[in-house]
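Residue numbers (our numbering), protein chains in the order written: chain V, 166 to 378; chain U, 166 to 378. Just so it is clear, CB atoms sit at the ideal spot from N, CA and C, and this is done for glycine as well. Beneath this line is the structure, given in structure tokens, with notes to follow.
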DNA sequence: CTCGTAGTTGAACGATCGCTCACAAAATAG
DNA sequence: CTATTTTGTGAGCGATCGTTCAACTACGAG
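Dropping the structure here:
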């Protein structure tokens with residue numbers, strides 16, 4: 166019984182997530198969120214109790230949809246795990262269609278903003294672990310396919326890739342040129358020994374040199 | 166002629182810098198900044214014109230003092246450049262004395278918060294470049310001392326270290342355990358080929374395994 | 001001692017913040 | 001229909017935001 170809900174939780178969380186990714190927790194005001202989601206403050210607070218509650222739900226949705234989706238597509242379900250690692254990196258800065266430069270990674274941004282949203286740290290931890298274990302899976306398969314050196318330490322390399330990836334996202338936000346980001350991606354693959362058995366794409370031959378956008 | 170200024174610009178900027186590092190630009194309110202610096206709004210605005218102006222000055226001071234100082238001590242003035250690179254990494258999460266967990270890197274935080282403080286991007290760029298060229302200098306000297314492989318590409322490795330370092334700072338803010346951060350540092354040195362000629366400290370023998378603080 | 005100048009002080013401005021709540025609207029039950 | 005329950009609506013709350021400004025205080029010059 167009672168009136169039926171007219172808004173879709175997934176759509177609302179997607180809109181809120183987009184705003185939080187672009188502007189951060191503090192930078193997204195409730196008025197902004199109302200406009201983005203099309204909801205009114207009463208309904209928002211009935212559903213999520215507070216701005217923090219909405220953020221928490223958006224972070225969970227980000228983990229469940231964006232992070233897990235990207236990990237699955239690029240790292241788990243790929244035929245060529247090495248190419249998957251590469252595309253996992255490049256898709257973070259390539260293929261930003263329109264005028265919006267970059268939506269930002271909610272995990273990276275929230276980790277840095279952690280002082281302001283302390284109760285979100287568990288969500289951040291969960292997302293980072295999802296990425297790390299995705300790297301570990303891809304590395305294990307790549308090693309089994311002899312695309313990587315047999316003596317590669319998968320656990321250590323997975324953390325290394327996670328760290329490089331987070332650093333790359335920081336550089337993306339700082340406005341680093343795409344060529345440099347590609348060079349970093351090449352270096353990441355080189356550092357785990359890729360290219361000693363195969364060379365699936367055009368060589369990484371010094372894409373650097375130009376420093377700016 | 167006229168009344169003489171009673172506050173020290175360096176001290177005021179140091180206090181403001183500390184607050185911005187801990188809480189970010191949006192998270193540090195003017196009331197907070199007044200308390201931290203001991204100044205009153207009138208004087209603050211007379212001297213810095215706006216909150217953004219104060220932040221800009223604090224970011225410049227951060228580059229000139231903290232970043233350049235750390236780069237000089239660990240990367241430029243060291244006898245052993247490889248050990249310097251290691252200590253540059255570890256000093257970002259070790260040696261946090263008291264209750265405060267971590268002040269945060271103003272470059273990392275500002276890059277991520279860039280939407281809110283667009284005119285700070287030049288300062289961020291400058292700081293990142295200082296670190297990168299510091300790495301390049303240390304790598305060049307290390308290679309000359311045959312501490313690193315002769316075929317090492319200094320430019321590529323310097324960007325790689327910068328990216329890893331930024332990623333490390335994100336992980337620090339996410340509450341990653343110190344053991345894991347040490348393992349990342351070990352991996353960073355391993356990825357540039359350190360340890361093939363010398364082993365200046367206790368081995369990196371799998372410090373991993375424990376996942377949490 | 002007076003005057004002009006540079007610096008300090010803090011009350012208070014309008015705007016916006018996160019949030020509440022009384023009420024209206026839409027659904028089911030009897 | 002009426003009664004009950006759930007959801008949507010939006011005016012508006014107190015608090016705080018970044019910022020301004022008029023009064024006040026210390027200095028040097030004449």
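May I ask whether a heavy atom of the ligand GDP can be found less than 6 Å away from the beta carbon of residue i?
i, result
"residue 207/V", "By its list of ligands, the structure shown contains no ligand whatsoever, and the ligand GDP lies outside what it can speak to."
Taking DSSP as the reference, what is the three-state secondary structure of residue i?
i, result
"residue 168/U", "coil"
"residue 204/U", "coil"
"residue 356/U", "helix"
"residue 310/V", "coil"
"residue 297/U", "helix"
"residue 325/V", "helix"
"residue 283/U", "helix"
"residue 252/U", "helix"
"residue 246/V", "helix"
"residue 339/V", "coil"
"residue 180/V", "helix"
"residue 233/V", "helix"
"residue 331/U", "helix"
"residue 175/V", "helix"
"residue 318/U", "coil"
"residue 288/U", "helix"
"residue 258/U", "coil"
"residue 193/U", "coil"
"residue 199/U", "helix"
"residue 218/V", "helix"
"residue 227/V", "helix"
"residue 267/U", "coil"
Could you name the residues of the same chain whose beta carbon sits closer than 6 Å to that of residue i, not counting the 5 residues immediately before and after it, in chain order?
i, result
"residue 201/U", "180 and 184"
"residue 329/V", "353"
"residue 250/U", "303"
"residue 367/U", "For residue 367/U, the predicted structure reports a pLDDT of 45, less than 50, and the residue's modelled location is therefore unreliable. A value from the coordinates is still provided. Here the set comprises nothing."
Starting from the C-beta of residue i, find all residues in its chain whose C-beta is less than 7 Å away, skip the five residues before and the five after it, and write them out in chain order.
i, result
"residue 331/U", "273"
"residue 220/V", "185, 190, 282 and 285"
"residue 216/V", "195"
"residue 398/V", "Coverage of chain V is limited to positions 166 through 378, which leaves residue 398/V absent and any answer about it impossible."
Hey, would you say residue i sits closer than 7 Å to residue j, going by beta carbons?
i, j, result
"residue 240/U", "residue 253/U", "yes"
"residue 283/V", "residue 186/V", "no"
"residue 286/V", "residue 192/U", "no"
"residue 300/U", "residue 315/U", "no"
"residue 338/V", "residue 276/U", "yes"
"residue 247/U", "residue 312/U", "yes"
"residue 334/U", "residue 270/U", "yes"
By how many angstroms is the C-alpha of residue j removed from the C-alpha of residue i?
i, j, result
"residue 255/U", "residue 319/U", "21 Å"
"residue 213/U", "residue 227/V", "39 Å"
"residue 223/U", "residue 281/U", "16 Å"
"residue 356/U", "residue 358/V", "9 Å"
"residue 233/V", "residue 244/V", "18 Å"
"residue 297/V", "residue 211/V", "36 Å"
"residue 350/V", "residue 173/U", "45 Å"
"residue 344/V", "residue 325/U", "14 Å"
"residue 204/V", "residue 167/V", "19 Å"
"residue 176/U", "residue 182/U", "10 Å"
"residue 288/U", "residue 225/U", "7 Å"
"residue 236/V", "residue 292/V", "10 Å"
"residue 295/U", "residue 306/U", "17 Å"
"residue 178/V", "residue 310/U", "55 Å"
"residue 208/V", "residue 218/U", "39 Å"
"residue 242/U", "residue 230/U", "15 Å"
"residue 171/V", "residue 290/V", "33 Å"
"residue 199/V", "residue 206/V", "7 Å"
"residue 197/U", "residue 169/V", "45 Å"
"residue 321/V", "residue 360/U", "16 Å"
"residue 278/V", "residue 279/U", "12 Å"
Spatial neighbours of residue i within its chain, please: C-beta separation below 8 Å, excluding the five flanking residues on both sides.
i, result
"residue 317/U", "304, 308, 357 and 358"
"residue 188/V", "197"
"residue 376/U", "Residue placement at residue 376/U is flagged as unreliable, the pLDDT there being 43, under the threshold of 50; the coordinate-derived value follows with that caveat. Excluding residues within five positions, the ones whose Cβ falls inside 8 Å are 342 and 345."
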